[in-house]
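K.L.:
Going down the list, the sequences are from chains Y and R.
Residue numbering for the first sequence follows the numbering used here, starting at 21 and increasing by one per position.
Residue numbering for the second sequence follows the numbering used here, starting at 11 and increasing by one per position.
From the three backbone atoms N, C-alpha and C, an ideal C-beta is built for every residue, glycine too.
The model shown is predicted, which means the values in this text are computed figures rather than measured ones.
Dropping the structure in here first, questions after.
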Amino acid sequence: MEAITGSTLRNMLLYAGAVLNQERDRVNSLNVFPVPDGDTGTNMSLTLNAALKEVEKVDSDEINRITAALARGSLMGARGNSGVILSQFFRGFAEGLTEVTDSMTGADLARALEKASQTTYRAVMKPVEGTMLTVGREAAAAAAAAAEENGAVVHVLEAAIKAAAQAVAESPQFLPVLKEAGVVDAGGQGLLCIFEGFLKGIDGKPAEYVSEPAQVAPEPSRKEGITRIEGVLVNKYCTEFLVLGEGLDADYIRTNLQPKGESMLVVGDEKVVKVHIHTDHPGQVLEFCGALGNLSDIKIDNMQLQNEKYTEAHNHDFFGNVVEFPNRPSGEKKGVGVVAVAPGRGLAEIFMSLGVDYVVMGGQTMNPSTEDLLNAVESVNADAVIILPNNKNVIFSANQVRELSSKQVGVVSTRSVPQGITAMMYFEPDEPLEYNLEVMDQHKREVKTGEITYAVRATVAGDLHIDEKDIIGLTDGKIAVVGQSVADVAHRLIETMVDEDSSVISLYYGENQAAEEAEALYQELSEKYPHCEVEVHNGGQPLYYYIISVE
Amino acid sequence: MARIHVVTDSGSDLPQAVRDELGIHVVPLSIQFGDDIYRDGVDLSVSDFYARLEGDVMPSTCQPSPADFQQKYLEIAEPGDTVISVHLSSRLSGTYQSAVIASNMVAEDGIKVVAVDTKSASIGIGLVAVAAAQGVKAGLSLDEIMARVNYAIEHMHVFFVVDTLEYLRRNGRIGNAQALLGTLLNIKPILTLQDGVVSPLEKARGKAKAVKRLQELAAEVKAKYPDRELAVGLTHAMVPTEAQVLAEALQRDLGMRENVIIGFIGPTIGVHVGKGTMALLMHPKL
Chain Y
21 MEAITGSTLR
31 NMLLYAGAVL
41 NQERDRVNSL
51 NVFPVPDGDT
61 GTNMSLTLNA
71 ALKEVEKVDS
81 DEINRITAAL
91 ARGSLMGARG
101 NSGVILSQFF
111 RGFAEGLTEV
121 TDSMTGADLA
131 RALEKASQTT
141 YRAVMKPVEG
151 TMLTVGREAA
161 AAAAAAAEEN
171 GAVVHVLEAA
181 IKAAAQAVAE
191 SPQFLPVLKE
201 AGVVDAGGQG
211 LLCIFEGFLK
221 GIDGKPAEYV
231 SEPAQVAPEP
241 SRKEGITRIE
251 GVLVNKYCTE
261 FLVLGEGLDA
271 DYIRTNLQPK
281 GESMLVVGDE
291 KVVKVHIHTD
301 HPGQVLEFCG
311 ALGNLSDIKI
321 DNMQLQNEKY
331 TEAHNHDFFG
341 NVVEFPNRPS
351 GEKKGVGVVA
361 VAPGRGLAEI
371 FMSLGVDYVV
381 MGGQTMNPST
391 EDLLNAVESV
401 NADAVIILPN
411 NKNVIFSANQ
421 VRELSSKQVG
431 VVSTRSVPQG
441 ITAMMYFEPD
451 EPLEYNLEVM
461 DQHKREVKTG
471 EITYAVRATV
481 AGDLHIDEKD
491 IIGLTDGKIA
501 VVGQSVADVA
511 HRLIETMVDE
521 DSSVISLYYG
531 ENQAAEEAEA
541 LYQELSEKYP
551 HCEVEVHNGG
561 QPLYYYIISV
571 E
Chain R
11 MARIHVVTDS
21 GSDLPQAVRD
31 ELGIHVVPLS
41 IQFGDDIYRD
51 GVDLSVSDFY
61 ARLEGDVMPS
71 TCQPSPADFQ
81 QKYLEIAEPG
91 DTVISVHLSS
101 RLSGTYQSAV
111 IASNMVAEDG
121 IKVVAVDTKS
131 ASIGIGLVAV
141 AAAQGVKAGL
151 SLDEIMARVN
161 YAIEHMHVFF
171 VVDTLEYLRR
181 NGRIGNAQAL
191 LGTLLNIKPI
201 LTLQDGVVSP
211 LEKARGKAKA
221 VKRLQELAAE
231 VKAKYPDREL
241 AVGLTHAMVP
251 TEAQVLAEAL
261 QRDLGMRENV
271 IIGFIGPTIG
281 VHVGKGTMAL
291 LMHPKL
């Protein structure tokens, strides 16, 4: 029986985080839609990173305590649908190991995987095969069979990985959309990465990681600009490079760099060492390593500026701007409050003007975490709070908040910004939560949503052949129009949306769309549709030239 | 023989033809633009008023004085007569208060004045005045007439759509309507009067939707009183075409060609709601 200890489990988890982080972009690129939303890898990676931070805080090597922290951390940090499912996976994983403290056997692992799989199936209302769910289930089944014949954790894990890889490869057979797009399921691939990380954590370089787990925690996700950092950032230069040479000693490098920063990751062998560190002295770091060998692939990012750029573009800080939002409740208690997710500054202002109490910036590629939403809900001065996710990939996280908050929380499952705006039209702060949920839900579909963005890769969608960089128009989440210019696609898309009952067309233009062009489109549409009132607003959202509503 | 007279104020927005036909007297409120003071309907026309409303000077209204009412009561009534004096919601204007004071003043002249707080505005007051005047015309007793008047007040349904909440806001008549937000988008608030105070009812995206919603709300009222004849008033602030389209739709939907009164929203109400407003008021008849 080759069981493993808690410290090895830590190492497995850290490696899983590192592998997933490494593979993030590749997982992102597996998005079925060629829209620049490909966020499954980012979401899963951020969720796992949040979980690992929780794991770091555990001051013992008891297995059940580590996995409980993993479950708790991933639940709070869950971003996007894939992140939420992953958090449920870890929740089940932890449940399967509740009684395990000092040593985990292959049978324990198999049971944890089985429990994890069951939990993910329970978490989704309509389980779809060919996804992360299938991959988890196949892995669990193979693990159980393997544990019968040989109790070694490595043996069980290898069997699970083999089955998971096969399930990922076969995912297009279950899901025609994957086949059409020529990709495998992104969430399934992400889970496979995690399993592969587990294996590396067992037979990789255990000593290296076990000795100083806190320092090797992979958290370069900060440089994504998604983590909000307030005030001045300490260790603001994210510094990454390779050291090439002979007889390199990763331990020696690590020991010497440790005082210079944080979030350090030093891995490699005698010939190549990869260094990642957040530091205020990138020059000293380079100087030190440059003396040991040749430096290569040097990348230094100022996270503070990235963060400010992000803040400027997406406006995290405007909530303090009381003058601009006089209608923001100044501590006055409301019957029912509202938290809305909005992908741009202009859209946030519109939501505030409609009576939303707190806007969480996000949507599309920047799915807010369950914790972001929870914090927003807690900050609203009301005992009952409605969340408007305004994006299909945020609905799941929003629902998680219902379990976590001490308040009465309801979610109106708005799948787009226009649906959220329409739902707000029916919001009555003095009516009870249940009334508002019913009425808002009932009316949210009265509006048609159009979105215009560009294709991140070539693909085929139904009868449409799409090349990379083509402009694509989507209605209610489906690709409807492809073209070369934004204005042309906008016209054709809106033609498919407007009918004789339509009376209002609203254009919310994005941060990459010139205001003059939006104004010109507004003029053209006003003439083209005399029976409709046309409105144009600066939405400020990234990636999407226009978000359009027709009602 | 003692007679019963009906008096209202210029907030009632009753068309001249209706007033003439039923013999309804009107006491004007005054409208003040800076130092210029006008009497509504006497020396200020509706179109002149809205032209000036767009200007820089923000107008205000002033209730008639008790003396204005006293003068009107003495002018129309003989000792022994009764005056039913129906007015703007006492929570929106002091007009009713002036009428009450004037009623005490003319009591010593042998004139009985029944001052009525309609808790309404615009044609809502007008419809109450019409109910009273029709009772007079039918030769009903004061008690019978007052039963109709009170029934109309209690069962009045008020819906109005404004182009902007700005006028209500700056005149402090918005009540809890400040809860209605959405100035960034083209949102048309549908408002009502609750206990005589402006109160938000719904919101609609764009005027067309708001007007369509008015139609639906009217149909809901009709459905509520399936066996009753409805009295309906529709007033508008300088949007005659939209009002005409809505009136035709109502007459078609509700089958009440005869009794839709269409009027202008005059300066008294216009100061508070602004151009583009449409108001639909209705009550079942007793």
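Are the CB atoms of Y/G112 and Y/T140 nearer to each other than 8 Å?
P.N.:
By one-based count along the first sequence, residue 112 of chain Y stands at place 92. By one-based count along the first sequence, residue 140 of chain Y stands at place 120. Yes. Within cutoff.
K.L.:
Can you tell me whether Y/G355 is helix, strand or coil according to DSSP?
P.N.:
The count along the first sequence starts at 1 and reaches residue 355 of chain Y at position 335. Looking at Y/G355 - three-state DSSP - the assignment turns out to be strand.
K.L.:
Thinking C-alpha only, which one of R/S113, R/I271, R/N181 and R/F170 is nearest R/M68?
P.N.:
For the purposes of this step, residue 68 of chain R is taken as residue 58 along the second sequence, with counting starting at 1. Taking only the C-alpha atoms, the option nearest R/M68 is R/N181.
K.L.:
Could you tell me which of Y/G126, Y/L393, Y/L50 and Y/F215 sits nearest to Y/N17, measuring between CA atoms?
P.N.:
This structure cannot speak to residue 17 of chain Y, because chain Y is shown only from 21 to 571.
K.L.:
Just the chain Y side, please: which residues come within less than 9 Å of R/A218 by C-beta, in chain order?
P.N.:
Working through the second sequence from its first residue, we reach residue 218 of chain R at position 208. Simply S523, V524, H551, C552 and E553.
K.L.:
Relative to the C-alpha of R/A148, which candidate in R/L291, R/P294 and R/R13 has its C-alpha closest?
P.N.:
For the purposes of this step, residue 148 of chain R is identified with residue 138 of the second sequence, where counting begins at 1. Selected option, being the one with the closest Cα: R/R13.
K.L.:
If you compare alpha carbons, which of Y/A38, Y/I567 and Y/G150 is closest to Y/I492?
P.N.:
One-based indexing of the first sequence puts residue 492 of chain Y at position 472. The shortest C-alpha separation from Y/I492 is found at Y/I567.
K.L.:
Would you grab the beta carbon distance between Y/L117 and Y/T154 for me? Rounded to a whole angstrom, and I think it's under 8 Å.
P.N.:
Reading the first sequence from its first residue, position 97 is the one you call residue 117 of chain Y. Reading the first sequence from its first residue, position 134 is the one you call residue 154 of chain Y. Contact doesn't hold; Cβ gap of about 23 Å is too wide.
K.L.:
Is it right to say Y/S316 is buried, meaning 16 or more other beta carbons lie within 10 angstroms of its own, or is it exposed?
P.N.:
Sequence index remark: in the first sequence, residue 316 of chain Y carries index 296 (1-based). It counts as exposed.
K.L.:
Check Y/E250 in the structure and name its three-state DSSP category.
P.N.:
The residue you call residue 250 of chain Y lines up with position 230 of the first sequence. Below a pLDDT of 50, predicted positions are generally treated as unreliable, and Y/E250, at 33, falls in that range; no measurement from the model is reported.
K.L.:
Can you give me, in chain order, the residues of the segment 360-378 of chain Y that have a beta carbon less than 7 Å from any beta carbon in chain R?
P.N.:
E369, I370, S373, L374 and G375
K.L.:
Within 8 Å (strictly less), CB to CB, does R/R215 reach chain Y?
P.N.:
Within the second sequence, the letter at position 205 stands for residue 215 of chain R. Judged by the 8 Å Cβ criterion, R/R215 is in contact with chain Y.
K.L.:
Suppose you measure from the CA of R/V281 to the CA of Y/Q561; what does that come to, to the nearest Å?
P.N.:
The residue labelled residue 281 of chain R in the question sits at position 271 within the second sequence. The residue labelled residue 561 of chain Y in the question sits at position 541 within the first sequence. Taking the straight line joining both Cα atoms gives about 40 Å.
K.L.:
Classify R/D46 as buried or exposed, calling it buried when 16 or more other Cβ atoms lie within 10 Å of its own Cβ.
P.N.:
Taking the second sequence and counting its residues from 1, the one referred to as residue 46 of chain R is at position 36. So R/D46 counts as exposed.
K.L.:
Within 10 Å of its beta-carbon, does R/P74 have 16 or more other beta-carbons around it, so buried, or fewer, so exposed?
P.N.:
The count along the second sequence starts at 1 and reaches residue 74 of chain R at position 64. When all chains shown are included, R/P74 counts as buried.
K.L.:
Let me make sure I understand the geometry here. Which of Y/D271, Y/A127, Y/R422 and Y/L527 has the alpha-carbon closest to that of R/N196?
P.N.:
In the second sequence, residue 196 of chain R corresponds to position 186, counting from 1. In this structure, Y/L527 is the residue among Y/D271, Y/A127, Y/R422 and Y/L527 with its C-alpha nearest to the C-alpha of R/N196.
K.L.:
Keeping to the same chain, check which residues put their C-beta closer than 8 Å to that of Y/V506; ignore five residues upstream and five downstream.
P.N.:
Counted from its first residue, the first sequence places residue 506 of chain Y at position 486. Excluding sequence neighbours, Y/V506 sits near I472, I491, Q533, E537, Y565 and Y566.
K.L.:
Quick one: which unbroken beta strand (DSSP E) runs of 3-plus residues sit fully inside the segment 127-197 of chain R? Chain order, please.
P.N.:
167-171
K.L.:
Could you round the C-beta distance between Y/V437 and Y/L367 to whole angstroms and report it? I think they count as a contact, below 8 Å.
P.N.:
In the first sequence, counting from the first residue as 1, residue 437 of chain Y sits at position 417. In the first sequence, counting from the first residue as 1, residue 367 of chain Y sits at position 347. Taking C-beta atoms under 8 Å as the contact rule, Y/V437 and Y/L367 qualify, at a distance of about 6 Å.
K.L.:
Measuring only the C-alpha atoms, how far is R/Y48 from R/L63?
P.N.:
Here residue 48 of chain R is taken as the residue at index 38 of the second sequence, counted from 1. Here residue 63 of chain R is taken as the residue at index 53 of the second sequence, counted from 1. Straight-line Cα distance between these residues: approximately 13 Å.
K.L.:
Assign Y/V314 to buried or exposed, taking buried as 16 or more other Cβ atoms, counted over all protein chains shown, within 10 Å of its Cβ.
P.N.:
As a working note, residue 314 of chain Y is residue 294 in the first sequence. In the sequence as presented, Val is not what sits at residue 314 of chain Y; that position holds Asn. So Y/N314 counts as exposed.
K.L.:
Any beta carbon of chain Y sitting closer than 8 Å to that of R/L256?
P.N.:
Locating residue 256 of chain R in the second sequence gives position 246, where the first residue counts as 1. Not closer than 8 Å to any Cβ of chain Y, the Cβ of R/L256 fails to qualify, so no.
K.L.:
Y/Q561 by DSSP, collapsed to three states: which one?
P.N.:
Here the question's residue 561 of chain Y lines up with position 541 in the first sequence. Here Y/Q561 sits in coil by DSSP.
K.L.:
Going by beta-carbon coordinates alone, are R/D263 and R/A289 separated by less than 8 Å?
P.N.:
Here residue 263 of chain R refers to the residue found at position 253 when the second sequence is read from its first residue. Here residue 289 of chain R refers to the residue found at position 279 when the second sequence is read from its first residue. Going by C-beta atoms, R/D263 is not nearer than 8 Å to R/A289.
K.L.:
Per DSSP, which one or two residues make a beta bridge with Y/Y16?
P.N.:
As displayed, chain Y neither begins before 21 nor continues past 571, which places residue 16 of chain Y out of reach and without an answer.
K.L.:
Along the chain, which unbroken stretches of the alpha helix (DSSP H) at least 4 residues long are found entirely within the segment 427-488 of chain Y?
P.N.:
437-445 and 453-463
K.L.:
For Y/A71, report the span of its alpha helix (DSSP H) as first-last.
P.N.:
Locating residue 71 of chain Y in the first sequence gives position 51, where the first residue counts as 1. Residues T60 to E76.
K.L.:
Take every Cβ of the segment 90-106 of chain Y, pair it with every Cβ of the segment 57-66 of chain Y, and state whether three or more of those distances are shorter than 8 Å.
P.N.:
yes
K.L.:
Please list the residues of the segment 62-79 of chain Y that have a C-beta atom closer than 8 Å to any C-beta atom in chain R, keeping them in chain order.
P.N.:
none
K.L.:
Please report the Cβ distance between R/S130 and R/L291, rounded to the nearest whole angstrom; I am assuming they are in contact, meaning their Cβ atoms lie under 8 Å.
P.N.:
Residue 130 of chain R sits at position 120 when you count from the first residue of the second sequence. Residue 291 of chain R sits at position 281 when you count from the first residue of the second sequence. Correct: roughly 7 Å between the Cβ atoms.
K.L.:
Considering only the alpha carbon of each residue, which of R/L84, R/A27, R/F59 and R/V146 lies closest to R/M248?
P.N.:
Along the second sequence, one-based indexing puts residue 248 of chain R at 238. Per the Cα distances, R/F59.
K.L.:
For Y/C213, which three-state DSSP category applies?
P.N.:
On the first sequence, residue 213 of chain Y is found 193 positions in, with the first residue counted as 1. Three-state result, Y/C213: helix.
K.L.:
With distances taken between CB atoms, is the gap from R/D78 to R/V37 smaller than 8 Å?
P.N.:
As a first step, residue 78 of chain R is located in the second sequence; it is residue number 68 there, counting from the start. As a first step, residue 37 of chain R is located in the second sequence; it is residue number 27 there, counting from the start. Yes, these two residues count as a Cβ contact at 8 Å.
K.L.:
Classify R/K217: buried if its beta carbon has 16 or more other beta carbons within 10 angstroms, exposed otherwise.
P.N.:
Your numbering for residue 217 of chain R matches position 207 in the second sequence. Per the 10 Å Cβ criterion, buried.
K.L.:
For R/Q42, which beta-bridge partners are listed by DSSP?
P.N.:
The residue labelled residue 42 of chain R in the question sits at position 32 within the second sequence. In the DSSP output, where bridge partners are listed per residue, R/Q42 has R/I47 and R/S70.
K.L.:
Can you look up Y/N314 in the DSSP assignment and give me helix, strand or coil?
P.N.:
Translated into positions along the first sequence, residue 314 of chain Y becomes position 294. When secondary structure is reduced to three states using DSSP, Y/N314 falls in the strand class.
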